[in-house]
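Count along the sequence shown starting at 1, add 2, and that's the number in the working numbering.
Backbone N, C-alpha and C fix where the C-beta goes; we use that ideal spot for every residue, glycine too.
Note that the structure is a prediction, hence the values are computed from the model and not measured.
I have placed the structure first, in the form of structure tokens, so that the comments after it can refer back to it.
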Amino acid sequence: MGNNRFKLLIVEDEAGIASFLEALLKANGYQVLTACSCSAGLSLFASHMPDLVILDLGLPDRDGADFIRTVRRESAAPIVVLSARSTEPDKVQALDAGANDYITKPFGNAELLARVRAALRAARQGEAQAGPGARFCAGGLAIDYERRLVSVDGREVKLTQTEYNIVCFLSLHAGRVMTYAAIARAIWGGTDAGSTKKLQVNMANIRKKFGVRPGGNPYIRNELGVGYRMADGDGGAKNAAGNKED
Ligand code: CA
């Protein structure tokens, strides 16, 4: 199964970076389209419906965040932001606008390719998990959505309703950084001054119940000052019978 069934759109105004990315992704078998402005990117997106977008935030005509908001009105296609801006508010703004992931320039080729694969896989997993009997597995962590059971290394973990909802929400967006505000909105229906604190308390309990030492949680990573990221699932969703999706 090659990557050539995936069409990627690069929106980047620095010609050197755009052509480097294009060559890298083509060499890895992807179909690639490139645009050097926000408006050119939006029209290519509408006409080609790519499977994933790699987006620079600093574009000559409009801000990349406008691109994200416009695309998100009609499409859930994964958007990986590639930017020289590395401050936390920039990341939070891009993620809250609907970006799936964030890579800071300069970046390593292997890291970029891994993030692209993870975002494509998470998108397919999200679709597959809509069905009954769906399960999520990442290493030793398993979630049975139908029975609302969570286990780590075969041992059942007893979570409160809120803790389960948090774990479940993160798993449905596995591989993607979810901001504190996005999680709070999904769990409590809104954000207030106390919601980040409540989230931290719940997360500390989840980690304790998962039996992982502080700083060494392989399932839920804390992206400091930004949000939490659930580890990528094992090669696509599985149904109750354990069959892989592909
Ligand atoms: Ca730029």
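Applying the 10 Å Cβ sphere with the 16-neighbour rule, what's the burial state of residue i?
i      : result
Lys246 : Below a pLDDT of 50, predicted positions are generally treated as unreliable, and Lys246, at 36, falls in that range; no measurement from the model is reported.
Arg137 : buried
Pro220 : exposed
Gln163 : exposed
Gly227 : exposed
Ala25  : exposed
Leu10  : buried
Asn1   : Limits of the chain in this structure are 3 at one end and 248 at the other, which puts residue 1 out of reach.
His175 : buried
Lys210 : exposed
Ser85  : buried
Asn6   : exposed
From what residue to what residue does the beta strand (DSSP E) around residue i run?
i      : result
Ala144 : Leu143 to Asp146
Asn224 : Ile222 to Glu225
Thr36  : Gln33 to Ala37
Thr193 : Unbroken run through Thr193: none, as it is neither H nor E.
Val13  : Lys9 to Val13
Arg137 : Arg137 to Ala140
Arg157 : Arg157 to Val159
Gly110 : Run containing Gly110: none; DSSP gives neither H nor E here.
Val154 : Leu151 to Val154
Gly178 : One point to set straight first is that residue 178 is Arg, not Gly, in the sequence displayed. No beta strand (DSSP E) contains Arg178, which DSSP labels as neither H nor E.
Gly235 : Looking at the DSSP string, Gly235 is not in any beta strand (DSSP E), and its letter there is neither H nor E.
So does residue i have its beta carbon nearer than 7 Å to some heavy atom of ligand 1?
i     : result
Asp65 : no
Glu16 : yes
Leu61 : yes
Asp68 : no
Asp92 : no
Asp58 : yes
Would you give the residue range spanned by the alpha helix (DSSP H) that residue i belongs to?
i      : result
Tyr166 : Gln163 to Leu174
Gly18  : Ala17 to Ala29
**Message:** In chain order, what are the residue ranges of uninterrupted alpha helix (DSSP H) at least 4 long that sit wholly in the stretch 43 to 105?
**Reply:** Listed in chain order, they are 66 to 74 and 90 to 99.
**Message:** Using 8 Å as the cut-off, can you tell me whether the stretch 108 to 120 makes contact with the stretch 186 to 201, which would need three or more C-beta pairs spanning the two stretches below that distance?
**Reply:** Short answer: they don't touch.
**Prompt:** Is it a yes or a no for the stretch 57 to 72 touching the stretch 15 to 32, going by three-plus beta-carbon pairs under 8 Å?
**Reply:** The stretch 57 to 72, when compared against the stretch 15 to 32, does touch it at the 8 Å Cβ threshold.
**Request:** Spell out a yes or no on whether the stretch 76 to 87 and the stretch 30 to 46 are touching, meaning 3 or more CB-CB pairs, one atom from each, closer than 8 Å.
**Result:** In short, these stretches do not touch, since the Cβ pair count stays below three.
**Asked** How about the stretch 137 to 154 and the stretch 167 to 182: do they share at least three Cβ pairs that are nearer than 8 Å?
**Response** Yes, the stretch 137 to 154 touches the stretch 167 to 182.
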